[in-house]
Every structure is written in C-alpha cells, then in structure tokens.
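Protein chains in written order, with our numbering: chain A, -7 to 309; chain B, -7 to 309; chain C, -7 to 309. Where is the CB? At the ideal position from N, CA and C, for every residue including glycine. Remarks on the structure that follows.
What follows is the structure, encoded as structure tokens:
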C-alpha cells in the first residue's frame, strides 16, 4: 500500500534535475519532504526501501567535498544505486578536456545521475541543458546547495511542526554561502521570516532583494529568533580577509552562552557543518540539546534518497 | 537461448589475460566484439545481463586515468563485479614495495581481475606471467591500450558494416600513443589500410615496420580517407617540445572545416579522448554528425563488459 | 548446521569494538580465529558466506593506508557490506572540523562500522566511547594494529598446529611498530615466547615491561627461533635517523641466506608488508617456501571478515 503510494507520487513528478530551490514550487518541495520522511521512517524501523538497482550515480566533485559526497554515496547504497565519484584533481579536466565533454562522456557510459559540485555558479544548470540524464546540484559556487536547503527545512519542520511564521536567523558569511541561499528559499517558501545576519563585508545590501531582512547586529536579532542557522567562515573562498581578526568575528557573531541567554528558551541551533568549534559556536552549545546539527545530517541522508527516488527513470531490474 | 550461446562462446575462450591486440588472432577479436555487441543490445533494450557476482576487479592505476577507470568501473557494476581502484599516489609502491609484491598481495586477497595502467611498456605482460588471475592491460606506456583498440574497431565496423578495404588515418602524436598501436592492430587485422600521419618528430620511420603507411602530410592524405582517428598531443609524455608551437601543429595537423571540405562526404571522425578542442579538432566538428566520439565511449563500456565476461572464472554464486 | 553455529557464536559475542589485542581474552581471540578459519574454508570451497547486506562500513584513513584499506574493502564485499573510504587529505578535518564531529556525522548517516587509521595512539579507543557504532582500529600510531596481530597469529597457528612454546622473533623497528605490539599480544596470549630484536635506538629497554625478551643481537637469537617476524623500517615515522646507514642496518638485522643457514630447518619467515626487498630480507628469501608472507595476506582477509561478522548488528534484510 505504502509502496503503491510512492509509485504514484513519482509518476506525477515532472522534473529531470535538481538545480535550485528558487525554481521549485512549494508543492514540489513538499513532495520531496514527504518521501524523505517516509524513507527516514523506513530506515529507523528497518523496513524495506525501494530498490533502484541498475541505476548508476556519478559524483563529479570539481571542488573538494567529502561530507556531501559521503551522504550521497550512502543514500545511493540504501537504494542499491551503483555509485562512483570522480575527484577534481584526477579528472580529465586536468588534461584540457572541457566540462561539457567530461559529462557527455559520462552520459555515454550509461549513467543515470550526475551529482556535480563546481566552483562556478550556474554550472549545474548549464549541464542540465546538455544532458538527458538527471543533474543534481551538489553545490555551485555561492549560488545554491539545494539538498542542504531541503534538509534544513525538513529539520525545522520536524522540530516545530510547522514552519510558517517562524523567525529564522541565518548568521555569518552570507556572501560566500550557497547554503544561505538554498536554506533561505526553502524556509521562506514555507512561510518563515528569514533574516540574514553578518558583518557588512559578508552581507551586501543587495541581499534585501531576496525579500529577506538584513541585520548587522546579532545581539539585537536574538530575542525573537526561533531558529539560528550558523554558517562556517569559508576561509577558502575569501580573497581578502573580510574582518579584522577571527576574535573580532567571534566577539560580534559567535554564538556563546551569554548570547544564548538572550534567546527564547526553545531556540533551535543549526549548522550545515563542518563546524569550527569556538568560532561560529561555542563548543558546548554544539553538543547541547538545542543543537540539531546531527539531526540535519540524518535528514540529509533521507532527503538525498528522496531526490534519487523522484528523479529515477523506470528500468526493468 | 541467447544465454546458452554466451556460455558456449565463453567455454571456448582460452586466454587468461588481455595484454595486447598484436598477439590476438582475428577470430579472438571477433569473439570479443560478438559479445560486446550482444551486451550493447541488452543494455539498450534493458534485457538482463549475465551476473558475475562474487568476482572482484582491482584497477591499479600507476598513471592517472579517470576515463578508463570509470569505464571499467561502470562495466563491472553492470555485471555485478565488485570493483575497487588503487591510486598510484597512495599505493604501497610509495613505501618501497615492488610492483611484483603489490600484485601478488592483491592476488592473495582473492581478486579475479587486475586492470593495470603503467608507464612502463610490457609491465602487464610481466605481471600476467606472475599471476594466476586475469590481467587486463589498461594502457602500458606507449605500447598498447587494447580495450581502446577494440572499441575503435567496434565503432568503425558498426558504422561501415565492414572494415576490410577501408582507408583509415591515425593522426597526431603517433610516437607516444598506445592508442595508435592498438587501434592499428585491431583495424589492420580486419583488413583496413591504416596510414599514420603526423610530424616527423612524432612519427619515426620505423613505424613502417608495423606494415602501415606513413605520411607527414595530412592534406594529401585526406581525400581517400574513410575514417580519421585523431590523437591527443600527450604533453605529459614529451620530454622536449616536438613541434615549434601549438599553432604550427594546428596549422599542419588540426582537423578544421577547410580540411574537412577535402574529405569524402561520409568520412567518420574519431578521437579516443580527452579532446582538446581547437587543437586536434575544431570544436564544431567534434559535435558534428560525422563525429563518432561519444559512440566510441558507449562501445568502450560494452567492450570492457565483454572482456570481463570472457576472462571470468566459473564460480558458484 | 554450520550456519547455525556461526549464529550461536555471534550471539555470545559481547564487544562492540575491536580496539586492541592487549584487552582481549584468549577466548575472545579464539572466537575470532574460529570464524576466520571457517570463512577461509568457505572462500576456498566456494561455499556461501553469510550476508551482511544493509550494513555500511566507512574507512577513515587519517594516515595513508592502501593495503589495509583494500583488505577491509574486499572483506566487506565478500559479506555484501557497503564500503566507502574517506581519505585523510580530502576530509573535512582539513576544514577545521574536529575528529569527534567527523565521526559523529558519519554515525548520523547510519553507518555500522568505522574503521579508523590515525597517527595518534589511543584515538580509536577515544572514538569507541563517543559512538554507538562499532569502531575497528586499523592502526593507531605506534600503539596497535589488532587485525594484523590476529592474522599473524592465525598464520603461525595454521603452520605449526599449536603456538604454545614456540620461539618467535620480532625483528626491526620495534619502537615505531604497532604491528610488533599487536603481534606480541596475540602470540604471547597463546603461550609463545616472543623476543623483540633490533638496534638499541629502535628497542628501548622499557619493552621488557611487556613481558617480552629483548635482544640487540639477531645472530645470537636465530638458532632457537621457530618463526621470524620481520618489520619494515618506518622511514616516515622516524624524526631522526636511528642507525648510521641502511647498509649498517642490513649488516646487523637484515635476513640473508647466511643468516638463514643458522636457523632451524623449518623456520617460518613472516612480514606484515610492504616488504623492502634487500633491506629487511634478501629478495630470494621473500619468495622461498619458508616465507608465509602471502598466506598472511590471505589470512588477513578472513580475519577481517570474521571481525565484521562478530561486530555486526542484527538487521532485517
């Protein structure tokens, strides 16, 4: 019965690719979460998962990405999808091959999913137009990281029951963060009020155009917040230092016990990881009951399984 | 019925290894292609593929090789062969272990196939004598790359129906190319007339000893050609520059629209990849209908599946 | 029948992790070897192996380790365990993430086994306390490498029938060797008399505290030895050179034909690999009938399968 329902949902799914959350309707996001929650329950209760045996996923990681790759790899294994990854350092791109040729080659090898992480914003969209197979954006520059946005949404909804009307802070290096954008789209489409918080050098005024609030003052923003999403300082993306010193960043934007005292009692703390303890967040808080960091990771697995499932092509097995 | 036939063909197969095409009889090559074509059809029509579950293949890549590794890996997955790869940079060879000891260790771990890429010509042959398991040459120095030769042959035969009597040009860096040698052997054993074309510094006169024609002038060679196989300049193998500049190479040996105008209407363009667009071939031509580049990749999958199948040992599953 | 017995043995197994052989009782070691021998027999005779399908093992290699990773990977494949490895160079540890957070993330992804290789002695123990999943020590600094000790024990027992009373020499760089420690614990718990042999700079007197004999003179130790375990010079662990030159090391501690002439006729030569031929051992001896080096590798596969099996959690499949 449950199984028939999954089939039905999948039959109605129209998209070939997962490129950005900005372009998805709320109803599409709901479909992904519906399946993700079902898979999460099945995993917990050791119930059988649908098999996508005969499908092959390739992760082409043109930037380093262990966390996302591992999550996609385990999600593939749960569905019996064959998975292989290509490291940016050893790929033929190094021998002068164009990205287009690399992916056209992979398609000719009969793969079903291309998971792409790439420093250039828009590259997954570009590839999705070239290929008949499903392209999954695993993070493109500072543009989007849609599965991260989905797992953040799933975690918030799971915790609060509903997302509409919640006050969400996304704090830190907004400028360089694809997570900030994808999480913003996911949560705001569900009716949350999202406020970006960070130093001016990491939060240009044009972020208002997203329809988000903007604040340079974390302390002022804390009392109303239902959920605080902390972002990692992306040292590797910054061409110049965007704040005088790490200690000054911590002084203004690090989540400390003092700051937590200003928050609502049941505030939820999230972080996409990897966490730099002592910078974005005091170590103790990362391990506290208010932290949903590991639930985010767990939900990421379910979300990625749901994405594979919805994008899968029907194959005899 | 079809299945019984595969079994029968396999029972008659005698070789343990695939080292070079020079040493194969035409009838052996025909057997591999027969199975490759059958597998290609089964993949297209979503028919069941024989399972080699319980077999393990290890790719020992002592030179970088993403394309070949990925093709062998997906081919293994289609046959339910467990696959793992060992990167030359992280292998124990770095700790002073001899190649012999590395492979003897792998054999002791109960693997069934060793795919070896190695800068030293002859190393797969050397290993095949040491090991009882199947050794598959994935490219040895400038010697051979037999699965590439087989997929080139398959692509030519598929396109023209027959290979005998066709005029084939292999153009470029012949000296450093194992593809040139393997593709030469495959096509000439099927009765094609192969001509090597390239600058003198990349095409020593002793290549005549292969029984091939030699030419330093691409333009003269074009009008008769049925098929042109372009090779990549192997910058990484050249100890000194073998031509004054890339532009001079392009001026004499790059396939351009002007040059294509001199060719037969139905000339077939092939390239083992990775393609450097604008060097060996004008970008537009690589994407034209005359190009078989992606069919080569597709056939490579089927050829590698056929090789695994023929070399497999019978195992209870 | 056989299968029921495996189930029974597993039900009685209490430990979650495999951290060190020092902490195991002899009866626990016997249990692992019992299953390893059963699996080895099943592999040889092509009998069905129990399936652990639905389990996932992750190898987190914070130091380079191809040999151990490949052995664990093939062992996993034999049991239908999904396996993936994370390279220390590309892991999030590079982005400032703590080891604790890295493994907590992996646990949140629903894996079952964490195989950890780490330069810091004690790190697998530390992780085993943090995690509910099984931690397998794949080598921690100069502390232990328990599966290596188990496979050495299995090889000695297989060869001699019994271990009790045998004279075992462990020769070489004792100071930096986790193999020396694990193999010592395994063999001495079975009643062997173990003597560490090496230059003073690699064999501090406190090694007596293990309950082992100590000798700086290989030649004196040879006549009584039943088995000689040679260790690799761990050039990469030595901060300063611990002997004047490689030739002087060879002159005093290399196993040569002259030295072999002083040994018992049926002495057994072992080496955990990778072997540096011409240093620890003359090349010819490594290939002689007295050498158990490849049997060690083969037994390593069976031992690692047994460890996976005993630590597995019961799952519906």
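query, result
"Please state whether DSSP places residue 259/A in a helix, a strand or coil.", "coil"
"Can you tell which of 41/C, 68/C, 121/C and 75/C has its C-alpha closest to the C-alpha of residue 92/C?", "121/C"
"By Cβ distance, which residues of its chain are closer than 8 Å to residue 155/C, with the 5 residues on each side in sequence left out?", "145, 148, 149, 179, 182, 183 and 184"
"Three Cβ pairs or more, each shorter than 8 Å: is that satisfied between the segment 123 to 134 of chain C and the segment 22 to 30 of chain C?", "no"
"Put residue 73/C into one of helix, strand or coil per three-state DSSP.", "coil"
"Nearest to residue 278/B by alpha carbon, out of 291/B, 292/B, 260/B and 290/B?", "260/B"
"Extract the residue ranges of the beta strand (DSSP E) inside the segment 79 to 158 of chain A, only unbroken runs of 3 or more that lie entirely within it.", "105 to 110 and 126 to 132"
"Any C-beta of chain A sitting closer than 7 Å to the C-beta of residue 74/C?", "yes"
"What residue ranges within the segment 150 to 235 of chain A form continuous alpha helix (DSSP H) runs of no fewer than 4 residues, ordered along the chain?", "170 to 181 and 210 to 213"
"Run through DSSP, which three-state label would residue 50/C get?", "strand"
"To the nearest angstrom, how far is it from the Cα of residue 33/A to the Cα of residue 135/B?", "55 Å"
"Going by CA-CA distance only, name the one from 244/B, 116/B and 291/B that's closest to residue 212/B.", "244/B"
"What are the residues that DSSP puts in a beta bridge with residue 273/C?", "247/C and 269/C"
"What residues in its chain sit with their C-beta under 7 Å from that of residue 125/C, if we drop five residues either side in the sequence?", "99, 103, 104, 105 and 106"
"Taking 7 Å as the CB-CB cut-off, is residue 78/A touching chain B?", "yes"
"Would you call residue 296/A buried or exposed, if buried means 16 or more other Cβ atoms sit within 10 Å of its Cβ?", "buried"
"Please check the pair residue 73/A and residue 300/A, which I expect to be a contact at CB under 8 Å, by giving their CB distance rounded to whole angstroms.", "6 Å"
"Within the same chain, show all residues whose beta-carbon is closer than 7 Å to that of residue 282/A, passing over the 5 residues directly before and after it, in chain order.", "259, 260 and 261"
"Could you check what DSSP says for residue 35/C in three-state terms: helix, strand or coil?", "helix"
"Three Cβ pairs or more, each shorter than 8 Å: is that satisfied between the segment 263 to 273 of chain C and the segment 39 to 52 of chain C?", "no"
"Taking residue 55/C as part of the alpha helix (DSSP H), name the residues at either end of that continuous run.", "Per DSSP, residue 55/C belongs to no alpha helix (DSSP H) and is neither H nor E."
"Flag this pair as touching only if the segment 170 to 179 of chain B and the segment 235 to 255 of chain B have three or more C-beta atom pairs under 8 Å; answer yes or no.", "no"
"Excluding the five sequence neighbours on either side, which residues of its own chain have a C-beta within less than 8 Å of the C-beta of residue 192/A, listed in chain order?", "208"
"Closest to residue 166/C by CA distance: which of 186/C, 153/C, 157/C and 159/C is it?", "186/C"
"Taking its Cβ as the centre, do 16 or more other Cβ atoms sit within 10 Å of residue 216/A, making it buried, or is it exposed?", "exposed"
"Whole angstroms is fine: what's the gap from residue 16/C's alpha carbon to residue 59/A's?", "34 Å"
"Taking the continuous alpha helix (DSSP H) assigned at residue 293/A, which residues delimit it?", "285 to 303"
"With a CB to CB cut of under 8 Å and the five nearest residues on each side skipped, what residues in its chain are close to residue -2/A?", "27, 30, 42 and 301"
"Could you list which residues in chain A have their beta carbon closer than 7 Å to that of residue 104/C, in chain order?", "Correct list: empty, because the minimum Cβ distance to chain A is about 11 Å."
"Residue 169/B to residue 226/B, Cα distance in whole Å?", "8 Å"
"Using a Cβ-Cβ cut-off of 7 Å, state whether residue 171/C counts as contacting chain B.", "no"
"Give, in chain order, every residue of the segment 90 to 101 of chain B whose Cβ lies closer than 7 Å to some Cβ of chain C.", "90, 93, 96, 97, 100 and 101"
"Determine which residues of the segment 45 to 56 of chain A have a Cβ less than 7 Å from any Cβ of chain B, and write them out in chain order.", "48"
"For residue 164/A, count neighbouring Cβ atoms within 10 angstroms of its own Cβ and tell me buried if that reaches 16, exposed if not.", "buried"
"Quick check on this structure: which residue in 55/B, 80/B, 97/B and 173/B has the alpha carbon closest to the alpha carbon of residue 204/B?", "173/B"
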